[in-house]
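What follows is a single structure, written as structure tokens, with notes after it.
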Amino acid sequence: MRRTTTVVIGAGHTGLAMSRCLSERGIDHVVLERGEVANSWRTERWDSLRLLTPNWQSRLPGLGYEGDDPDGFRTMPEVIGLIDGYAQAIAAPVQTHTRVTAVRSTDAGYLVRTDRGDWHGRTLVLATGACNVPCVPRLAEAVPASVRTLTPMEYRNPDQLEHGGVLVVGASATGVQLADEIHRSGRPVTLAVGEHIRAPRTYRGRDIQWWMDAAGVLDQRHDEVDDLARARKVPSLQLIGSPARTMLDLNALTESGVRLTGRLAGITAGRLLFSGSLANQCALSDLKLGRLLDTIDRWATEHGLDGQVEAPHRFPPTRVEAAPALSLDLARAGIKTILWATGYRPDHSWLEVPVLDRKGQIRHDGGITGSPGMYLIGMPFLRRRKSALIDGAGDDARDLSEHLVSYLTGRIREEVA
Ligand SMILES: Cc1cc2nc3c(=O)[nH]c(=O)nc-3n(C[C@H](O)[C@H](O)[C@H](O)COP(=O)(O)OP(=O)(O)OC[C@H]3O[C@@H](n4cnc5c(N)ncnc54)[C@H](O)[C@@H]3O)c2cc1C
181 MRRTTTVVIG
191 AGHTGLAMSR
201 CLSERGIDHV
211 VLERGEVANS
221 WRTERWDSLR
231 LLTPNWQSRL
241 PGLGYEGDDP
251 DGFRTMPEVI
261 GLIDGYAQAI
271 AAPVQTHTRV
281 TAVRSTDAGY
291 LVRTDRGDWH
301 GRTLVLATGA
311 CNVPCVPRLA
321 EAVPASVRTL
331 TPMEYRNPDQ
341 LEHGGVLVVG
351 ASATGVQLAD
361 EIHRSGRPVT
371 LAVGEHIRAP
381 RTYRGRDIQW
391 WMDAAGVLDQ
401 RHDEVDDLAR
411 ARKVPSLQLI
421 GSPARTMLDL
431 NALTESGVRL
441 TGRLAGITAG
451 RLLFSGSLAN
461 QCALSDLKLG
471 RLLDTIDRWA
481 TEHGLDGQVE
491 APHRFPPTRV
501 EAAPALSLDL
511 ARAGIKTILW
521 ATGYRPDHSW
531 LEVPVLDRKG
541 QIRHDGGITG
551 SPGMYLIGMP
561 FLRRRKSALI
571 DGAGDDARDL
581 SEHLVSYLTG
591 RIREEVA
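Using the working numbering, you'd call the opening residue of the sequence shown number 181 and step up by one each time.
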């Protein structure tokens with residue numbers, strides 16, 4: 181068995197940010213990765229995906245953006261190149277093709293079993309990602325065998341799909357991007373819309389991510405929000421990182437011919453049943469967009485920016501049909517494929533340390549778990565609103581590595597006393 185001070189599991193950007201912070205603090209460690217560095221971006225994303233965060237907004241500890249296109253959006257090969265290059269630049273001690281199969285606690289720390297031998301670490305960092313498994317609703321079981329279903333992790337491009345109609349379920353970033361792409365391929369798309377967050381690509385001449393970063397929205401801390409459980413479940417913004425900087429909201433999709441329905445509520449005898457909440461969901465989303473823009477406008481005025489940027493304005497409300505369909509016969513509507521853009525969840529099924537709640541999620545306080553010396557990173561709103569973004573890993577890794585060092589120092593004092 182090999183021994184080290186800290187075992188980091190996962191060589192995505194969060195595991196690497198942690199590795200860099202541990203190295204800076206002189207902590208001996210290893211990063212165990214089941215695939216290659218940036219495995220999720222290599223194997224689980226669709227072909228046309230670009231980051232929806234601008235190039236400048238993928239800062240990692242010791243790495244800023246130095247290219248000549250700060251406002252552009254990286255393609256997948258560029259994201260893989262970024263993360264790969266970072267691993268090399270920081271000389272991260274990554275063991276690739278090493279899958280962790282079990283983790284147990286011991287008197288001295290954690291036993292980490294892998295398909296390439298065991299490791300022992302006094303401390304442990306779980307950086308295995310928030311999006312390991314697509315969330316597919318139970319009602320998927322009622323889809324007739326004649327209709328193909330797939331998840332965004334399986335989807336690569338429209339050529340994979342049969343000709344004919346497509347139902348995309350879910351209208352957050354993934355759902356709106358895939359509905360748009362598939363509709364453009366000539367397949368009629370119906371989009372089932374539940375809770376969603378409408379956002380413009382640009383506002384008053386600047387990228388929305390610039391405003392949220394500058395105004396401190398993304399820095400909001402986990403101990404500052406009223407309802408943290410709710411904040412951790414907020415869906416991703418309806419954004420696309422296209423070179424044309426287009427706004428991809430429901431109005432844009434309706435204009436291009438995508439049909440909107442309410443949330444998919446059931447499937448029975450080959451019929452899709454939709455909730456009647458479409459207009460309400462859209463009104464709520466418009467309201468939240470208005471609140472975000474109010475915050476931005478206030479911040480711009482307080483910081484003397486009003487003369488330097490375009491004047492404030494508001495976007496027209498989301499248009500919905502007066503009576504959107506409440507049910508659709510799959511065969512009659514010609515729907516051949518259902519795509520579940522219904523979110524993702526982490527997979528910690530190999531973790532044998534009692535830190536999981538009833539839903540199999542790790543209980544933690546800003547990434548500090550109830551098991552001493554065990555840390556979690558890369559989850560939505562882990563410590564800050566930006567925690568699940570590439571740009572959020574740095575601050576979280578700095579905080580958690582500081583806690584880890586003080587934990588180790590305390591342990592050493594106890595052992596010496
Ligand atoms: C579709 C999509 C689009 C996104 N777009 C953006 C964006 O535009 N901008 C942005 O900032 N963020 C974006 N994100 C969010 C975020 O950056 C990603 O979720 C990111 O991949 C999370 O980084 P991570 O390092 O925590 O996890 P991951 O990148 O998933 O890395 C985890 C690593 O752990 C490894 N691993 C998992 N289990 C094991 C095991 N048992 N043993 C060994 N290794 C294991 C995996 O192979 C993987 O390499 C997007 C996410 C998704 C899903």
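Think of the CB as a built atom: it goes at the ideal place given N, C-alpha and C, for glycine as much as any other residue.
A straight-line Cα-Cα distance of about 7 Å links T448 and A322. Under the three-state reduction of DSSP, K516 is assigned to strand.
Annotated as distal: C311 and Y587, with beta-carbon spacing of 9 Å or more. Cβ contact annotation for P415 (same chain, cutoff 7 Å, sequence separation greater than five): S352, E375, H376, I377, in chain order. Here the distance from the Cβ of C315 to the nearest heavy atom of ligand 1 is not below 8 Å. With the rule of 3 Cβ pairs closer than 8 Å, the region 275 to 284 does not count as touching the region 477 to 496.
Residues of the same chain with a CB within less than 6 Å of the CB of W479, apart from the 5 flanking positions on each side, are A395 in chain order. Annotation: R412 to W391 spans about 21 Å, alpha carbon to alpha carbon.
At least one heavy atom of ligand 1 lies closer than 8 Å to the C-beta of V217. In the structure shown, V369 adopts extended strand secondary structure according to DSSP, grouped into three states. Remark: C-beta atoms of P250 and N235 approach each other more closely than 9 Å.
When rounded, the separation of the alpha-carbon atoms in A577 and V210 is 15 Å. Here the alpha carbon of A513 sits roughly 30 Å from the alpha carbon of T426. With a contact defined as Cβ atoms closer than 8 Å, W299 and V187 qualify at about 5 Å. Taken atom to atom, the span from the alpha-carbon of Y290 to that of L304 is near 7 Å. Per the Cβ contact rule, the region 213 to 222 is not in contact with the region 551 to 567 (fewer than 3 Cβ pairs under 8 Å). Taking 4 residues as the shortest admissible run, the region 433 to 508 contains the following complete alpha helix (DSSP H) segments, listed from N- to C-terminal end: 458 to 482.
With a cut-off of 8 Å, the C-beta of Q461 is classified as distant from ligand 1, since no heavy atom of the ligand falls inside that distance.
Segment contact: the region 322 to 334 against the region 495 to 507, fewer than three CB-CB distances shorter than 8 Å; contact not assigned.
Taking 9 Å as the cut-off, the beta carbon of T308 is found closer than this to the beta carbon of H528. Approximately 20 Å separates the beta-carbon atoms of A568 and L358; this is outside 8 Å, ruling out the contact. The Cβ atoms of V533 and I207 lie no closer than 9 Å to each other. Assigned with DSSP and collapsed to three states, T276 falls in coil, not helix or strand. Proximity to E213 across S457, I420, L196, Y245 peaks at L196, based on C-alpha coordinates.
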